[in-house]
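Residue numbers (our numbering): 332 to 608. From the three backbone atoms N, C-alpha and C, an ideal C-beta is built for every residue, glycine too. To keep things clear, I will list the structure first and then write my remarks on it.
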C-alpha cells in the first residue's frame with residue numbers, strides 16, 4: 332500500500348490522523364475512488380473536477396494543485412498492473428460542531444492493487460440484491476455527492492455480500508431503481524439506453540457520463556428517466572457502471588433473471604472499447 336498524507340509519503344505504521352478529525356467524529360469527508368492502469372490514473376481531471384465542485388458546494392477545503400501533484404507522484408510509484416486509489420478530504424480537527432478554519436483541512440491518498448472483475452463476470456453478468464434500506468442524502472437540498480457519511484451504502488453493500496450477490500440496488504418509495512451502493516444503473520429497453528435521472532439520491536458518476544457520451548457517439552438513444560423495478564423484466568440488457576468496474580452486465584436481480592440479448596452484449600463490448608476501461 333502507498334500512503335500520502337497532506338503531500339507527504341508515509342509508511343502504514345507512521346500514517347496517523349488525530350481522533351479529533353471530523354472524518355472520525357462525524358464522517359465529515361469527501362472522497363473519490365480512482366483507477367490506475369500501471370502508472371496512469373484514469374479520468375483524473377473528471378474526478379478532480381467533481382471533487383472541487385462538491386467542496387465548493389459544501390464550503391470544504393480543497394487544495395487542488397497540491398492534491399494533483401501528490402497524485403502524480405503516487406502514480407509514478409505504482410507497481411501493480413491495476414491500482415485502486417482512494418482520495419479523501421477532511422475538514423480537519425473539530426473542537427465542537429463549528430467547522431474548522433479552511434487552513435486546517437487535510438487530504439489522504441492511498442493506493443492498493445485492484446483485482447478486476449473476472450472474464451466470466453464480464454461475459455455472463457453478476458447477481459444483484461435489492462437493498463433493504465433507503466438511499467439517503469444528509470444534505471438533501473444539494474445533489475448527491477461522494478461524502479464519507481456512507482452508512483446507507485455500507486449497510487446495503489454488506490447485505491448484498493451476505494446474500495452472495497455483487498451489488499445492492501436502491502429503490503425509492505415509488506419502487507423506481509435509483510442506483511447501486513457503489514454504481515450507476517443502465518438498462519436497454521426498446522432499443523434505447525435508459526438510466527435514472529440525477530438528483531439528490533442519484534450520483535453523477537464519472538463512468539456514468541462516459542457511458543452516456545460513448546453511447547451518444549455510437550448513435551444509441553439515451554434517456555434519463557425514472558426506471559420502475561417492474562420494467563426491468565422488459566429490458567434486453569442491464570448493466571452497472573463505476574470507475575473501477577467500468578461496465579459490468581447484470582444477470583439476475585433477486586430471483587429475477589435478466590435478459591442477455593446477443594446484440595446488446597455486442598453494444599456493451601463496443602462501449603467498453605470506446606471508454607477503454
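Rounded C-alpha distance that separates residue i from residue j
{"i": "residue 499", "j": "residue 558", "result": "16 Å"}
{"i": "residue 480", "j": "residue 589", "result": "32 Å"}
{"i": "residue 528", "j": "residue 583", "result": "23 Å"}
{"i": "residue 397", "j": "residue 435", "result": "14 Å"}
{"i": "residue 437", "j": "residue 393", "result": "8 Å"}
{"i": "residue 563", "j": "residue 510", "result": "14 Å"}
{"i": "residue 308", "j": "residue 388", "result": "Nothing about residue 308 can be read from this structure; the chain reaches only from 332 to 608."}
{"i": "residue 517", "j": "residue 347", "result": "40 Å"}
{"i": "residue 439", "j": "residue 360", "result": "11 Å"}
{"i": "residue 404", "j": "residue 444", "result": "17 Å"}
{"i": "residue 537", "j": "residue 515", "result": "10 Å"}
{"i": "residue 567", "j": "residue 417", "result": "34 Å"}
{"i": "residue 609", "j": "residue 513", "result": "Missing from the structure shown is residue 609; the chain here goes from 332 to 608 and no further."}
{"i": "residue 569", "j": "residue 419", "result": "31 Å"}
{"i": "residue 561", "j": "residue 602", "result": "26 Å"}
{"i": "residue 466", "j": "residue 532", "result": "7 Å"}
{"i": "residue 495", "j": "residue 593", "result": "26 Å"}
{"i": "residue 505", "j": "residue 464", "result": "14 Å"}
{"i": "residue 586", "j": "residue 333", "result": "41 Å"}
{"i": "residue 487", "j": "residue 530", "result": "20 Å"}
{"i": "residue 407", "j": "residue 503", "result": "43 Å"}
{"i": "residue 596", "j": "residue 483", "result": "32 Å"}
{"i": "residue 462", "j": "residue 507", "result": "12 Å"}
Delimiting residues of the beta strand (DSSP E) encompassing residue i
{"i": "residue 442", "result": "437 to 444"}
{"i": "residue 448", "result": "No beta strand (DSSP E) contains residue 448, which DSSP labels as neither H nor E."}
{"i": "residue 520", "result": "515 to 520"}
{"i": "residue 526", "result": "523 to 526"}
Range covered by the alpha helix (DSSP H) that runs through residue i
{"i": "residue 488", "result": "482 to 493"}
{"i": "residue 473", "result": "Here residue 473 belongs to no alpha helix (DSSP H), and DSSP marks it neither H nor E."}
{"i": "residue 376", "result": "375 to 388"}
{"i": "residue 544", "result": "537 to 548"}
{"i": "residue 398", "result": "395 to 408"}
{"i": "residue 532", "result": "No alpha helix (DSSP H) holds residue 532; DSSP gives it neither H nor E."}
{"i": "residue 577", "result": "Where residue 577 is concerned, there is no enclosing alpha helix (DSSP H), although the beta strand (DSSP E) it sits in stretches over 577 to 584."}
Residue from the options whose Cα sits closest to the Cα of residue i
{"i": "residue 289", "options": "395, 474, 389 and 420", "result": "The first residue shown for the chain is 332 and the last is 608, placing residue 289 beyond what the model contains."}
{"i": "residue 579", "options": "428, 539 and 564", "result": "539"}
{"i": "residue 421", "options": "551, 412, 569 and 391", "result": "391"}
{"i": "residue 335", "options": "441, 569, 575 and 582", "result": "441"}
{"i": "residue 370", "options": "587, 402 and 344", "result": "402"}
{"i": "residue 449", "options": "576, 595 and 592", "result": "576"}
{"i": "residue 476", "options": "342, 605, 497 and 379", "result": "379"}
{"i": "residue 546", "options": "523, 433, 497 and 456", "result": "523"}
{"i": "residue 605", "options": "466, 549, 587 and 556", "result": "549"}
{"i": "residue 357", "options": "484, 597 and 478", "result": "478"}
{"i": "residue 381", "options": "474, 462 and 504", "result": "474"}
{"i": "residue 565", "options": "591, 551 and 574", "result": "591"}
{"i": "residue 386", "options": "338, 433, 409 and 345", "result": "433"}
{"i": "residue 384", "options": "535, 525 and 453", "result": "535"}
{"i": "residue 574", "options": "337, 373 and 508", "result": "373"}
{"i": "residue 456", "options": "581, 572 and 408", "result": "581"}
{"i": "residue 571", "options": "341, 607 and 452", "result": "452"}
{"i": "residue 425", "options": "462, 342, 530 and 349", "result": "349"}
{"i": "residue 423", "options": "586, 337 and 551", "result": "337"}
{"i": "residue 409", "options": "526, 340, 554 and 344", "result": "340"}
In DSSP terms, what residue i is bridged to
{"i": "residue 415", "result": "366 and 443"}
{"i": "residue 498", "result": "459"}
{"i": "residue 335", "result": "340 and 440"}
{"i": "residue 620", "result": "Residue 620 lies beyond the stretch modelled for the chain, which goes from 332 to 608, so this question has no answer here."}
{"i": "residue 564", "result": "Bridge partners of residue 564: none, in fact."}
{"i": "residue 507", "result": "559"}
{"i": "residue 421", "result": "360 and 437"}
{"i": "residue 573", "result": "577"}
{"i": "residue 352", "result": "424"}
Residue i Cβ short of 6 Å to the ligand GDP heavy atom set
{"i": "residue 560", "result": "The ligand GDP is absent from the structure shown, which contains no ligand whatsoever."}
Inset, instruction - Decide yes or no for the touch test of the stretch 408 to 423 against the stretch 540 to 549: beta carbon pairs closer than 8 Å, at least 3 of them. - result: Taking 8 Å as the limit for Cβ pairs, the verdict is that the stretch 540 to 549 does not touch the stretch 408 to 423.
Legend entry - contact_flag[the stretch 462 to 475, the stretch 426 to 439] where n(CB pairs < 8 Å) is 3 or more: The stretch 462 to 475, when compared against the stretch 426 to 439, does not touch it at the 8 Å Cβ threshold.
Inset, instruction - Check whether the stretch 337 to 354 touches the stretch 365 to 375, taking contact to mean three or more Cβ pairs, one atom from each stretch, closer than 8 Å. - result: Contact between the stretch 337 to 354 and the stretch 365 to 375 is absent: fewer than three C-beta pairs spanning the two stretches fall below 8 Å.
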